[in-house]
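In the working numbering, the protein residues as written are 14 to 613. Virtual Cβ for every residue (Gly too), placed ideally from N, Cα, C. Here the structure is a predicted model, which means the values were calculated and not measured. Below is one structure, written out as structure tokens; comments come after it.
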Amino acid sequence: MAKRVRVRAPELVGKGGWINAGDRELSLGALRGRIVIVDFWTSGCINCLHVLDELKTLEKRYPDTVVMVGVHSPKFAHEAEHRAVVDAVERYHVEHPVLDDPELITWNQYAVHAWPTLAVIDPEGYVVAQYSGEGHVDAIGQLVEELEAEHTAKGTLRRGNAPYTAPEPEPTSLRFPSKALLLPSGTILVSDTTRHQLVELAPDGESVLHRVGSGERGFADGHAEDASFNEPQGLAPLGDGSVVVADTLNHALRRYDPATGDVTTLAGTGRQWIRGGPISGPGREISLSSPWDVALWNDRVWIAMAGVHQLWAYDPQDGNVAVTAGTTDEGLVDGPAAEAWFAQPSGLAASEDRLWVADSETSALRWVDLDGTVRTAVGTGLFDFGHRDGPARQALLQHPLGVTVLPDGSVAVADTYNHALRRYDSTTGEVSTLATDLREPSDAVIVGDDILVVESARHQLTRLRLPQIALHPTSGVHHRRLDLTEVAPGTLCLEVVFRAPAGQSQDTRYGPSTRLLVSASPPELLRTGQGGDAGLSRLLETDSALSEGVLRISATVVTCDDGQETPYPACHIHQQDWDLPIRIAEGAPARLSLKMAGQA
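So this is what it looks like as structure tokens:
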């Protein structure tokens, strides 16, 4: 056996204390003689949730030699709240002790740099291995068996039960519900995620009519009382009156027929998609990865594939699934669907010409155009979050999980980690707050003049009255007609004017500091010049066979603070979008100049 480098394991310390340990304060000294696997995770990270599921295998395989310990290490401000950690431990069925470390004390002591990270401590209290990311179960299992043999021979292995104390179950009708759907009958279907069921509620949004699913974690088709789910979430109607369900931890799409009570499987193998696997084909033969929400748009069921940071789609006509947007890279990059980056898309809602996306890890509201272009309404990146209303380019969200199109065409966002319901008006570009003091809202559904909000961490649906401005599509400025801009036929010179604010300059240290994205509706309006590239100017060629259309233009500029006296200068992202109706006319200007907001 190869000799391992061993480092004495730092003590497990966290200001929030221990969860799932009864009244005990655990220490590594008390666990001496056992193999300890420390899981550094945070509740909003999809890879962390995958690892939680993977670790269940090791917990079952080595029940008397391995002790699993979670260390909750927050990214978002909300995740540092103790109540949120307690809720997450129950929500995700964590069946081992968890240390709440809101100040990242233990995270720093173990020199952890990424979520998730696993550290293995041998029975003598030394760290012998560390793994980042998911998919390490087999390697850890092999290491555990080596450690068992080594420390049995040395007499330093101590067998026994894990120091886990299960929480008392709460007698609520719903437990961490996730998504809701208004059925044609007027009743409301809710995904009761932690109890692995669907629940049909009366129109009051409270009275339980019946449950779908056995309530046990599983993957079985059949009638309502026999079928089983594994943390179901998103719901969407199909044209035949049935409902498609994002069965998240089964990595599958299921179909529930309210008329018969039957549950069947549409797509997914029950195994998680891994890099290199097929990305299109018959639904029952293709693996999925943590589908979080679904929406019917343009005759296909679009899937928020949170586990791989993509959008996929299922075609009800031929039963095939395929990737529709995203590269699997995690981040916020707009552009053609095949080039765009997402970060845990978790909420979907369809309007006539847009598919709206709640992109949770970038705290962003985004949309997909009919031509497949991905754009961002609110949000700037993985580590930019908060609660700020105002112009969309300045507004902030915090890990939103749901999105709902309102009657006037604006969008309600379940701003989950801000405990708020927000509203984005695409005509004015403004973000406002509709309601606060909602515990982890994850979705909302329109019922008449009301909106029913799924308060996931309060285990209920809460009815709110929509403001008049959001109820009617003819309400004032929200549907003002934009003036047409006349441009010359043929070649058109587009330029965006930007001047950096005082004390800032464009940042070119890591490549171009600007990006210009251009598309058109209809797409045939532009012969050349569409797509994304660096720079703030572009030559476009219009099709003279068309007289009118809309140019969709998005400009992004990165600047950083000037001055060498600033050791860690802040960097800023400036972004502006234009939907510009144009008319092609002889004698009109051949140059189109647009000024970014705030430019003189």
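*Given 8 Å, three or more beta-carbon pairs between the stretch 273 to 284 and the stretch 320 to 339*: yes
*Rounded to whole angstroms, what's the CA-CA distance from L361 to L222? Just pull it up for me.*
What you label residue 361 is simply residue 348 of the sequence shown in a count that begins at 1. What you label residue 222 is simply residue 209 of the sequence shown in a count that begins at 1. If I take the Cα positions, the gap works out to 26 Å.
*Evaluate contact between the stretch 68 to 84 and the stretch 151 to 168, counting only Cβ atoms and requiring at least three cross-stretch pairs below 8 Å.*
yes
*Of all the options D66, P502 and V84, which has the alpha carbon lying nearest to the alpha carbon of L25?*
One-based indexing of the sequence shown puts residue 25 at position 12. Closest by alpha carbon: V84.
*Look at the alpha carbon of H264 and the alpha carbon of D306, and state the distance between them as a whole number of angstroms.*
Reading the sequence shown from its first residue, position 251 is the one you call residue 264. Reading the sequence shown from its first residue, position 293 is the one you call residue 306. Cα to Cα, the separation comes out at about 12 Å.
_With DSSP as the reference, identify every bridge partner of W591, one or two as the case may be._
The sequence position of residue 591 within the sequence shown is 578, counting from 1. DSSP, once it has assigned bridges, lists I566 as partnering W591.
_Assigned secondary structure, Q481 (DSSP; H/G/I helix, E/B strand, else coil)_ = As a first step, residue 481 must be located in the sequence shown, where it is residue number 468. Of the three classes helix, strand and coil, the one that applies to Q481 here is helix, per DSSP.
*Do the stretch 559 to 570 and the stretch 370 to 379 touch if we need at least three Cβ pairs shorter than 8 Å?*
no
*May I ask you to report which of helix, strand or coil DSSP gives D397?*
Position 384 of the sequence shown, counted from the first residue, corresponds to residue 397. Three-state DSSP puts D397 in coil, outside helix and strand.
*Buried or exposed: which applies to E468, given that a residue is buried once 16 or more other Cβ atoms fall within 10 Å of its Cβ?*
Along the sequence shown, one-based indexing puts residue 468 at 455. By the 10 Å Cβ count, E468 comes out buried.
*Within this structure, are the beta carbons of T572 and D520 separated by less than 8 Å?*
On the sequence shown, position 559 is the one that residue 572 refers to. On the sequence shown, position 507 is the one that residue 520 refers to. In this structure, D520 lies closer than 8 Å to T572 by Cβ.
*asked:* I'd like the ranges of any beta strand (DSSP E) spanning at least 3 consecutive residues and lying wholly in the stretch 146 to 234.
replied: 190 to 195, 201 to 205, 210 to 214 and 221 to 225
*Does the separation of the CB atoms of G27 and D114 fall below 8 Å?*
Reading the sequence shown from its first residue, position 14 is the one you call residue 27. Reading the sequence shown from its first residue, position 101 is the one you call residue 114. Yes, Cβ-Cβ distance for G27 and D114 is below 8 Å.
*Since G46 and L170 are thought to touch, with beta carbons under 8 Å apart, how far apart are those beta carbons, to the nearest angstrom?*
Here residue 46 is taken as the residue at index 33 of the sequence shown, counted from 1. Here residue 170 is taken as the residue at index 157 of the sequence shown, counted from 1. Confirmed, about 6 Å.
*Are at least three pairs of beta-carbons, each pair with one atom in the stretch 102 to 109 and one in the stretch 419 to 426, less than 8 Å apart?*
no
*Helix, strand or coil for T273, going by three-state DSSP, please let me know.*
Looking up residue 273 in the sequence shown gives position 260. It is coil, neither helix nor strand.
*Between D270, N243, A237 and G562, which lies nearest to D253 when the distance is taken from Cα to Cα?*
Residue numbering aside, residue 253 sits at position 240 when the sequence shown is read from its first letter. Of the candidates D270, N243, A237 and G562, the one whose C-alpha sits nearest the C-alpha of D253 is D270.
*With burial defined as no fewer than 16 other Cβ atoms inside 10 Å of the residue's Cβ, what is the status of K167: buried or exposed?*
Counted from its first residue, the sequence shown places residue 167 at position 154. Exposed: under 16 other Cβ atoms inside 10 Å.
*Quick one: using the 10 Å Cβ neighbour count with 16 as the cut-off for buried, is Q407 buried or exposed?*
In the sequence shown, residue 407 corresponds to position 394, counting from 1. Exposed, since its Cβ has fewer than 16 Cβ neighbours within 10 Å.
*Does the beta-carbon of V490 have 16 or more other beta-carbons within 10 angstroms, so that it is buried, or is it exposed?*
The residue you call residue 490 lines up with position 477 of the sequence shown. Note that V490 has pLDDT 29, beneath the 50 cutoff, so the model's placement of it is unreliable and no number is given.
*DSSP on T487, reduced to helix/strand/coil?*
The residue you call residue 487 lines up with position 474 of the sequence shown. At T487 the pLDDT is 38, less than 50, meaning the model places this residue with poor confidence and gives no usable figure here.
*Helix, strand or coil for A22, going by three-state DSSP, please let me know.*
By one-based count along the sequence shown, residue 22 stands at place 9. Coil.
*Could you check the C-alpha separation between A470 and Q285 for me, to the nearest Å?*
Sequence index remark: in the sequence shown, residue 470 carries index 457 (1-based). Sequence index remark: in the sequence shown, residue 285 carries index 272 (1-based). Each residue's alpha carbon lies about 27 Å from the other.
*Terminal residues of the continuous alpha helix (DSSP H) containing H412?*
As a position in the sequence shown, residue 412 is number 399, starting the count at 1. Taken as a continuous stretch (DSSP letters only), H412 belongs to no alpha helix (DSSP H), as it is neither H nor E.
*Does the pairing of the stretch 498 to 507 with the stretch 232 to 242 give three or more beta-carbon distances under 8 Å?*
no
*Can you check DSSP and say which residues form a bridge with Q246?*
Counting from one through the sequence shown, the residue named residue 246 turns up at place 233. Answer is none; Q246 lacks a bridge partner.
*Is L539 helix, strand or coil when you go by DSSP?*
Start at 1 with the first residue of the sequence shown, and residue 539 comes out as number 526. Looking at L539 - three-state DSSP - the assignment turns out to be strand.
*What three-state label does DSSP hand H126 in the structure shown?*
Position 113 of the sequence shown holds residue 126. Coil at H126, not helix or strand.
*Buried or exposed: I12, going by 16 or more other Cβ atoms within 10 Å of its Cβ?*
Nothing can be reported for residue 12: it is not among the residues displayed for the chain, which extend from 14 to 613.
*Roughly how many angstroms lie between the CA atoms of L262 and E244, to the nearest whole one?*
Along the sequence shown, read from residue 1 onward, the residue named residue 262 stands at position 249. Along the sequence shown, read from residue 1 onward, the residue named residue 244 stands at position 231. Each residue's Cα considered, the two are about 6 Å apart.
*asked:* Considering only the alpha carbon of each residue, which of R37, S303, A335 and W315 lies closest to V381?
replied: Within the sequence shown, residue 381 is the residue found at index 368, counting from 1. For V381, the nearest C-alpha among the options comes from W315.
*Is the beta carbon of L378 less than 8 Å from the beta carbon of V387?*
Indexing the sequence shown from 1 puts residue 378 at position 365. Indexing the sequence shown from 1 puts residue 387 at position 374. No, they are not a contact pair.
*Does the beta-carbon of Q411 have 16 or more other beta-carbons within 10 angstroms, so that it is buried, or is it exposed?*
Residue numbering aside, residue 411 sits at position 398 when the sequence shown is read from its first letter. Buried.
_Suppose contacts are defined by Cβ-Cβ distances below 8 Å. Is V18 in contact with T70 by that definition?_
Residue 18 sits at position 5 when you count from the first residue of the sequence shown. Residue 70 sits at position 57 when you count from the first residue of the sequence shown. For V18 and T70, no; Cβs fall outside 8 Å.
_One or two residues paired with E499 in a DSSP bridge_ = Counting from 1 along the sequence shown, the entry for residue 499 is found at position 486. In DSSP, E499 forms a bridge with R596.
*Going by alpha carbons, who is nearest to T561 out of E537, V203 and R478?*
Against the sequence shown, residue 561 aligns to sequence position 548. Thr is not the amino acid found at residue 561; the sequence shown has Glu there. Comparing Cα positions, the closest option is E537.
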